[in-house]
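J.: Just so you know, the sequences run in chain order Z and L. When we follow the working numbering, the leftmost residue of the first sequence carries the number 33, and every step to the right adds one. When we follow the working numbering, the leftmost residue of the second sequence carries the number -19, and every step to the right adds one. Quick reminder that beta carbons are idealized off the backbone N, C-alpha and C, glycines included. Have a look at the structure that comes next, please.
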Amino acid sequence: MKIAGIDLGTTNSLIAAWTDEGPRLISNALGDTLTPSAVSIADDGAVLVGRPAVDRLVTHPDRSIASFKRWMGSGAGARLAGKFYRAEELSALVLRSLKEDAENQAGGAIGETVISVPAYFSDPQRKATLDAARLAGLEVERLVNEPTAAALAHGLESVEEGRFLILDLGGGTFDVSLLHKFEGIMEVRASAGDSLLGGNDFRDALVSLIARRDQLDPDALPKEDLARLLREAERIKFALTTQDHAAYELALAGKDRTGIVTRAEFEEAAQPLLRRLRAPIERAVADSRVNPHEIDQIVLVGGATRMPMVRALAARLFGRFPLAHPRPDHIIAMGAAVQAGLMARDFALKDVVMTDVCPFTLGIAVRDTTAPEGRAMSPLIERNAVVPISRSGRYFTVDDNQTSINIEVYQGENLRPAQNIKIGDIRVRVPAGPAGREAIDVRFTYDVNGALEVEVTAVSTSQKESRVFRNAANLSAEELAARFKALAEIKSPPRDQAENRALIARAERLYAESLGADRERIKSLLGDFEQALLDQQLRDVAGLRTRFGAALDGFERSWS
Amino acid sequence: MGLTPTVDERAVLRAYAKKLRETRPEDDPEGFQRLLAAREQALAWRERVPPPPEAFADDEREPKEAADLGRRPFRVVMGAEMSAPPKDEPHSGGFHTPDWRTHRPTPVLPPPEPRAPPADDWSWRAPRVDFEPAPPGAAPDAVAALRARWLALNREGDGVFWSLETWEEILRRAGALAILERETVRRELVALFAARLPPLAESKGHPRPEIIAVLGRLEEEFDLLRQPVGSKRPSALNLSGLADWLNAVTATREVARRRALGSAAYRSESSIPLIPQEDRAVVLGSRELIEDYDFLWRHHRRRWRPVGRIAWRATIVPSVVSANLDAPRLAGVVLALDFATFVLAGLVLRALDLDRPFWDHPWLHGAEAVAPVAVLLAARLAAIFLWPRFAIQSAVRRVRRADLAGLALPAARKPVLSRRFGDRWWVRPLVISGGLMDLLALGVVLAVFGVITGPSH
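In structure tokens:
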């Protein structure tokens, strides 16, 4: 029985197992540790996850999808091959593929799993993640905040005492956490973030830069062209990490476009994004009430922190160089595995205790004549309170002969309830009487998993109403069961075919991106390969695959 | 926690760490919260002792240019805010608070403990030096240069002061500063803007776009409503004038977003009429309508199911009693009363031993008498089924009208938004005629009853 940690990211997902020597990453069927969070439905109805799905984004944009983590908990999803999939289901497919990789490697079932989520994920988004895990058939005991996981991965190997600022810029989310480690205790002092900011936005900034230069409207481009443009922008983004400028060459809207993007131009285009990076950093530092001088280390996590401008921003803000792991995108999964080990109270981790915070304010709407529109938010659990926490408040009736009180639960920092996120409501009955005579006690309990339980008690009758919040956008138990069945019927391709499928998807993508003679050559190579597979020349299939892959590598090299 | 009164943070944390191993947060949430509260008390005690002089040097700094702040009364606000003595902080936690005044020990400060240098096991993470962080010595000058820039700007008239390009440049340069310098800039700009902004009420629903633009940019850069960085105390910034303006910024942007989106902003993906969240409280007003709307949303896949639930308590032609359309629950009662009247009439007729149901009675001639009643009931049922949708759609139209008129401030939107469906000129006559029809029907029944009962006596 293995215990494992999963980093379910916007662009890439990873799984790491907790072993006697510590966390160890597990590679997928293609031999990579990073499995792109992309899903594609093949023509025969099988599901492709990971790199082949990314390749098929170009060739089959109507059957493939990526970057769906942003929709978690909102009820949104995508239509693939004529069928609607919610973000939870798409994530479940990715999780299932990771689980299969791990089971394949461990040779047995995977037991307790910890999945990391951005610290700024709201309650419905966390629930959606748990739903996805359930759909994938995973036994998820606990969610862990990503920066916390990053700190766990770092914290174990070094430093006895200190305050660390973790900046985690992933593909789609940005998280900041300030941690205090002392006497073997890891305490999250504050966290903040932006759940709609990540490496993808930097890529989009490049896309609009190129589009502006070539007078194109990215929204008006055909899907295939847009996918090609996105891929090219991604490539330029990577190139600009190490080079001062990068050239691009691609055919869009029937014309060849070429040009050079310099790093300075990219940084200029990304200015608004850098501004959005600064606000959560400052908010976390301010909330923790820690003087910036007292911060001992600034740790960069997440693939997007490789960009020099992000490092420069951190360096400028704090007047010192941040720490950067050579593989900043591996850290979260390792930390999640550490957390899994922690939970199992593995001997090696016996002495580390974690305390975490709730990153947003939770409260209820009350009538308040001094507030605008007469309604105000009455906070019960304040932002960055240490969890698990339970707080209660007493509220009174406001109308004569009022017979019931409706408690609307909100999450957010604004005084106006309408500007915050509504989590749900509860209604309790109270005996009629003059205004202010009847009272209720509202108790909020926020547990270590980030689930909120609200209990309301009418004081005079001792009548209790209690609810664990489940947003309307989340799936109900029956729906979950139905979808679990539906997903179980979708088959993944056999593992030994995964590599073949990936190669075919890649060849198709290269075909779509190339022109003329190259196309013909790729087509014939692909034809030969598929014929060989059909003829069941299984003895030679490995050699065939190597040759085919090498040929495709040759094509890609000749272009860049 | 087993502590003697102490000002040593480390001792407190050590004791806390020891206890925490016995009360793990996941096993004993309540014990953990008690422990946490105890720690906060111990640390709060420590904070009551005056901090070493260098800790809050930033808070005490007076701007050198205080003398030439220009014609705006901004110096006063800023001076007051910056040199205000720290107020007694209310104790956090809400648990038993010992009386600090009697128990406070003589503040004996231990010699400042040198912080241990961070353990250096980070060699493999050696940074690549391919960019320039701001040299630490240059920063104060950068702040001074920026300050001179905005003080000069403050002497100009409104036309020059509220220009986005100038502020864009200033804030851009502020973006390159280190975190504590940025905090200084933020604090001084907040004071400047609080003094410079005109009262929001003067704008009558249409705040000046250039102010909104500049303020929005400032908010993006500095997140104005958060606590100050590097201070142990909550914010002492005077935000009273600014907070309303910041709400106006949010509202204006939201209105602009909706106008750009067009009709799609008022329709969900499944074509449910969408009332944007921030307008719901004003537009929906009555509790019944909010419930209808929520229900419609929750069950939007089954289009007619919500109507079935709503039906029993909503009608458009209620009798005089329920003329207020925002309280349609009464209408259900009226409907029930009407039915009861008919049934009662039938029973009375039966009791009169006429040997047949009342609608078969020769004086009623079947269909002719039943027809008006049937029409009345049919109209009523149709109204019942259409009412919720009708009301919600009319609410959405009102929101849209306010948006198209560019009304951003809640106060200006309110008259438009809160004009209820029931306030329309043609609804009242309809309601009254509905009531009259009710009375008429009742009259017919009573007349028939009278005609029947008359001759038999």
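In chain L, which residues lie with their C-beta within 7 Å of the C-beta of residue 429 of chain Z?
T.: None at all; the shortest Cβ gap to chain L is about 14 Å.
J.: For residue 315 of chain Z, which residues of its own chain have a beta-carbon under 6 Å away from its beta-carbon, when the five flanking residues on both sides are left out?
T.: 224
J.: Go to residue -3 of chain L, then tell me how far its alpha helix (DSSP H) extends in each direction, as first and last residue.
T.: Taken as a continuous stretch (DSSP letters only), the alpha helix (DSSP H) holding residue -3 of chain L covers -11 to 0.
J.: Can you give the beta carbon distance from residue 176 of chain L to residue 141 of chain L, rounded, assuming they're within the 8 Å contact cut?
T.: 7 Å
J.: DSSP state of residue 398 of chain Z, grouped into three classes?
T.: strand
J.: Does residue 323 of chain Z get closer than 8 Å to chain L when you measure Cβ to Cβ?
T.: At a cut-off of 8 Å between beta-carbon atoms, residue 323 of chain Z makes contact with chain L.
J.: Indicate whether at least one CB of chain Z lies closer than 8 Å to the CB of residue 158 of chain L.
T.: yes
J.: In the structure shown, what three-state DSSP assignment does residue 144 of chain L receive?
T.: In the three-state scheme derived from DSSP, where H, G and I count as helix and E and B as strand, residue 144 of chain L is classed as helix.
J.: Considering only DSSP beta bridges, list what residue 546 of chain Z is partnered with.
T.: Its beta-bridge partners do not exist; DSSP assigns none.
J.: Could you tell me which of Z:319, Z:283 and Z:251 sits nearest to residue 205 of chain L, measuring between CA atoms?
T.: Among Z:319, Z:283 and Z:251, the Cα nearest to that of residue 205 of chain L is on Z:319.
J.: Taking C-beta pairs closer than 9 Å, name the residues in chain L that residue 217 of chain Z reaches, listed in chain order.
T.: Neighbours of residue 217 of chain Z on chain L, chain order: -7, -4, -3, 0 and 1.
J.: What in chain L is Cβ-close to residue 319 of chain Z, meaning under 7 Å?
T.: 207
J.: At a Cβ threshold of 8 Å, is residue 210 of chain L touching chain Z?
T.: yes
J.: Please list the terminal residues of the continuous alpha helix (DSSP H) segment that includes residue 452 of chain Z.
T.: Counting along the chain, residue 452 of chain Z falls outside any alpha helix (DSSP H), and DSSP gives it neither H nor E.
J.: Give a yes or no on whether 8 Å exceeds the smallest Cβ distance from residue 294 of chain Z to chain L.
T.: no
J.: With a Cβ-Cβ cutoff of 8 Å, do residue 469 of chain Z and residue 486 of chain Z count as a contact?
T.: Going by C-beta atoms, residue 469 of chain Z is not nearer than 8 Å to residue 486 of chain Z.
J.: Under DSSP, the alpha helix (DSSP H) around residue 320 of chain Z begins and ends at which residues?
T.: Where residue 320 of chain Z is concerned, the enclosing alpha helix (DSSP H) stretches over 303 to 320.
J.: Going by beta carbon distance, what residues of the same chain come within less than 7 Å of residue 268 of chain Z, once the five residues before and after it are set aside?
T.: 238, 278, 280 and 293
J.: With burial defined as no fewer than 16 other Cβ atoms inside 10 Å of the residue's Cβ, what is the status of residue 241 of chain L: buried or exposed?
T.: exposed
J.: Distance check for residue 201 of chain L and residue 327 of chain Z, CA to CA, integer angstroms please.
T.: 22 Å
J.: At the level of alpha carbons, what is the spacing between residue 174 of chain Z and residue 521 of chain Z?
T.: 27 Å
J.: Mind checking if residue 149 of chain L is an interface residue toward chain Z, Cβ cutoff 8 Å exclusive?
T.: no
J.: How many angstroms separate the CA atom of residue 427 of chain Z from the CA atom of residue 435 of chain Z?
T.: Straight-line measurement puts the Cα of residue 435 of chain Z at about 14 Å from the Cα of residue 427 of chain Z.
J.: Following the continuous alpha helix (DSSP H) through residue 269 of chain Z, name the residue where it begins and the one where it ends.
T.: 255 to 274
J.: From the DSSP output, in three-state form, read off residue 177 of chain Z for me.
T.: strand
J.: So, is residue 186 of chain L buried or exposed, given that buried needs 16 or more other C-beta atoms within 10 angstroms?
T.: exposed
J.: How would you write the range of the alpha helix (DSSP H) that residue 161 of chain L sits in, first residue to last?
T.: 159 to 176
J.: Taking a contact to mean a Cβ-Cβ separation below 8 Å, would you say residue 263 of chain L touches residue 375 of chain L in this structure?
T.: yes
J.: If you measure from the beta carbon of residue 529 of chain Z to each beta carbon in chain L, is any gap under 8 Å?
T.: no
J.: My understanding is that residue 87 of chain Z touches residue 541 of chain Z, with C-beta atoms under 8 Å, so please give their C-beta distance in whole angstroms.
T.: 4 Å
J.: Is there at least one Cβ from chain L nearer than 8 Å to residue 81 of chain Z's Cβ?
T.: Answer no: the Cβ-Cβ gap between residue 81 of chain Z and chain L never drops below 8 Å.
J.: Run through the DSSP bridge pairs and tell me what residue 448 of chain L is partnered with.
T.: Examination of residue 448 of chain L is not possible in this model, given that chain L is present from -19 through 437 alone.
J.: Which partner residues does residue 388 of chain Z have in the DSSP bridge list?
T.: Bridge partners of residue 388 of chain Z: Z:419.
J.: Pairing CB atoms from the stretch 191 to 208 of chain Z with CB atoms from the stretch 300 to 316 of chain Z, are three or more of them under 8 Å?
T.: yes
J.: Assuming contact is defined by CB atoms lying nearer than 8 Å, are residue 181 of chain Z and residue 218 of chain Z in contact in what I supplied?
T.: no
J.: Against residue 203 of chain L, what residues of chain Z qualify as contacts under a CB-to-CB distance less than 7 Å, listed in chain order?
T.: Listed along chain Z, the residues sitting closer than 7 Å to residue 203 of chain L by beta-carbon distance are 311, 314 and 315.
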